[in-house]
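Notes for the one structure printed next.
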Amino acid sequence: MKQVSVDNAAQIIGVSSATIRNWAKAGYINPTSTRPLSFLEESVLNLKEQIGSEAFLRLTTRANKAAASNNFFPEEYAINAALLSHITKISEYLKEEGLDIELVMFLAALHLLADKGEVVLPRGTDELFDLNNCTSWRRQSVKEVMFGWMASLDVGKSTKSYCRLPELFFPHEEEDYLGLLYQSVSSEGCKSELGSYFTPTKLVMDSLAHIKAPVKTFLDPCCGTGKFLIHAAQTFSLEPENVLGFDIDRIAIHVAKVNLLLAYSDQEFLPRIYRMDSLSELATGEMFCETNNLMGSIDAIATNPPWGAYKNSAAKGHLSGAIRSGETFSLFLEKSIRLLRDGGQLSFILPESILKIRAHSDIRALLLNETTITTIALLGRQFTGVYTPVIRLDVFKERPSDQWMVRVEHDGTSHNVLQSRFDRNENVTFDIQIKSHEEDLLERIYSVEHLTLAGNAEWALGIVTGDNKKHVLDMPGPGTEPVFRGSDIYPFFLGEPNSHICFAPEQYQQVASEKYYRASEKLLYKFISKKLVFAYDDKQCLSLNSANILIPAIADMDMKVVLAFLNSNVFQYIFTKKFSTHKVLRGDLEKLPFPRLSRSTHDAIEHLVDVAIASRRAPEELQEIIFGAFNLDAEDSALITDVIQG
């Protein structure tokens, strides 16, 4: 295989040599030699392809949520002032006294059980963690679960700081109070590290409502504090021995057991909830795996799985090779499909990015091959403190017919999409926004003779300083120059800069070769955006990583004409229907069709772009000419305009 130097790798990707060295140190690309530093050309090309993807952005982001220590209260409960005040007091006391979260949760569970009449607590004792002082248990199973939890606690010598906690607990009717408390006192960093967030009750109920009865066995492979379990028990009138939960979080597992015992308040049973890594330990097929009997036996599975890269490197050898991305939610989907019986049902809450991001093509292909997708519901933002929009995915474990139609739900409306159509898409993207008549329109747009940016452009990333507070200034100063952010970019022109910088590439975490910033003319575009927004720059301006660089070189098409198409309603329509992922990715831009133009049409467009740049407003005639370049009639234009205008 061909080897390339640091400088060659930087040239291939479009970044500086210093950035390549930083990426090698961080492990984003593995060198074949350190002296001198060199790489396989294939590795460099693979890294180039990943740039801009969700996985790459997770790796390179400096905003490491795992270091955060903020707590939060889920929005759906914010209207309950008493509950909010109560949990805030516990959280503040926990922080002030430096209390152990698990000990606090144990006491909260014990007092909840007492409030529900499951145990009588002794009065006037400081032995908070000695259950031998509790002489009256209504159910032996509850006693056994709590004694098991107590045996695993590391109480330490002093429990004085915990003595005030009982007065902070009070009676309430929230069915997952313990889960709410646990999520609220856990740090944001802890939740980010585990990839888990509190699931709103409505999402749980909607998932279960889309599972058709009869259901005799229910499983949640990443059950957390058991919210799906307790609602499934009620929804499907399940016997407790047929409700199964697994999770890697030790505290959550104990809480889930207590929650399930309270859900079946009149029965003696030990909850079938276990602590394990479901991906590497549950029903593995290995000879001594005690849960192999679950494989292919479960009627229904519903959950909100963790998101992010699977981090248990020691266990990766136990995973299937079908999911090459290493994405945790994809691995949970695959495992759950294996656990379902033929005809079994599954409902998952997932990030919307699963529909289109190339890195997730592996799980999409598996879903298309092995399941019938009944519903994809677009749900928008649902989790407190998380920007990512989510979907609900409902499937049956059975191969679909060629004519099977997937129901797509969004904002109270719905339409149907042929599942087999996804198979024909590049990277088997789930382009669910495209309806049948829109598919015909897109085919006609792409039928026009055209070129693309693939192989006909240079690309570069904006500057990643690594510390904007240090390097980026609000006001100009000695030696500074303007630096543009995504928010400074408007269609056709750059707004007034709000940031300034002393250009020092050697000090930054990631920076492109200076030639891209200093190009005689270039296009800057918003990277984090639902819309295509491109601006012309002939002033050699700098940009931060929210504003990336494109230098097009399409044959017989000047840069300003390329700019016109990139800001056009036609391209925005294509982007919305085929690619929109809240990020403007190079791979998607390279698929946009730039039609062959006559010289007169080309020059007319270029003139109107000059007008748009000078006046900061695009003439209406520009859109009309571009519609004509694709042979679109008034009806087509109206349809596209309606979509763009929302």
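The sequence shown: position 275 = 274 (numbering that gives the first Met the number 0), numbered continuously. All residues carry an ideal CB built from backbone N, CA and C; glycine is no exception. Nothing here was measured: the structure is a model prediction, and the numbers come from that model.
In the structure shown, the three-state DSSP call for F629 is coil. When beta bridges are read from the DSSP output, S37 appears opposite S4 and S32.
Between L607 and A563, the CB-CB gap stays under 9 Å. With contacts defined as CB atoms closer than 9 Å, L345 and A301 qualify as a contacting pair. Beta-bridge partners of Y524 (DSSP): F533 and N547. Between the C-alpha atoms of K590 and D555 there is a straight-line separation of about 18 Å. The shortest C-alpha to C-alpha distance from K215 to any of N241, S206 and M204 is the one to N241. Shown here, G379 sits in a strand according to DSSP, grouped into three states. Looking at the DSSP output, Q344 shares a beta bridge with A299 and F395.
When V447, L111, M474 and L93 are compared, the shortest CA-CA separation from N258 is found for L111. Residue burial is scored here from C-beta neighbours: V583 has at least 16 other C-beta atoms within 10 angstroms and is therefore classed as buried. Within a 10 Å sphere around the beta-carbon of L621 sit 16 or more other beta-carbons, which makes this residue buried.
Of all alpha-carbon atoms in A552, H449 and A299, the one lying nearest the alpha-carbon of L207 is that of A299. Residue burial is scored here from C-beta neighbours: D587 has at least 16 other C-beta atoms within 10 angstroms and is therefore classed as buried. Shown here, W148 sits in a helix according to DSSP, grouped into three states. Contact check for A17 and P504: beta-carbon distance about 7 Å, within the 8 Å limit, so the pair qualifies.
Counting only the Cα atoms, L549 lies some 22 Å from Y445. Here DSSP, grouped into helix, strand and coil, assigns Y273 to strand.
9 Å or more divides the Cβ of A251 from the Cβ of A232. Contact between Q266 and P239 holds, since their C-beta atoms are separated by about 6 Å, short of 8 Å.
Taking a C-beta distance under 9 Å as the contact criterion, P350 and V144 do not qualify as a contact pair. In this model, A459 and V14 are separated by some 7 Å (Cα to Cα). Beyond the five residues adjoining it in sequence on each side, R137 comes within less than 8 Å, by CB distance, of G116, E117 and V118 in the same chain, given in chain order.
In the DSSP annotation of this structure, the continuous segment of the beta strand (DSSP E) that includes E457 starts and ends at A456 to A459. As far as DSSP is concerned, Q418 takes part in no beta bridge.
Out of Q539, S542, I553 and A534, the CA that lies nearest to the CA of S567 is found in A534. The C-beta distance from F593 to V569 rounds to 11 Å, too long to meet the 8 Å contact threshold.
A buried status is given to Q381, since no fewer than 16 other beta-carbon atoms sit within 10 Å of its beta-carbon.
Counting along the chain, M204 sits inside the alpha helix (DSSP H) bounded by residues T200 to A208. In the DSSP assignment, D609 falls within the alpha helix (DSSP H) that extends over R598 to S614. For the pair of segments examined, the segment 519 to 527 was found not to touch the segment 416 to 426: the number of CB pairs separated by less than 8 Å stays below three. Pairwise C-beta distances place the segment 487 to 496 out of contact with the segment 450 to 470, as fewer than three of them are shorter than 8 Å. A residue is called buried when at least 16 other Cβ atoms come within 10 angstroms of its Cβ; K310 does not meet this threshold and is exposed. Per DSSP, E408 lies in no alpha helix (DSSP H) segment; the continuous beta strand (DSSP E) that holds it begins and ends at M404 to H409. When the five nearest sequence neighbours on each side are left out, the beta carbons in the same chain lying within less than 7 Å of the beta carbon of D401 are those of S419, in order along the chain.
Take F626, set aside five residues on each side of it, and the residues of its chain with a beta-carbon closer than 6 Å to its own are S636, in chain order.
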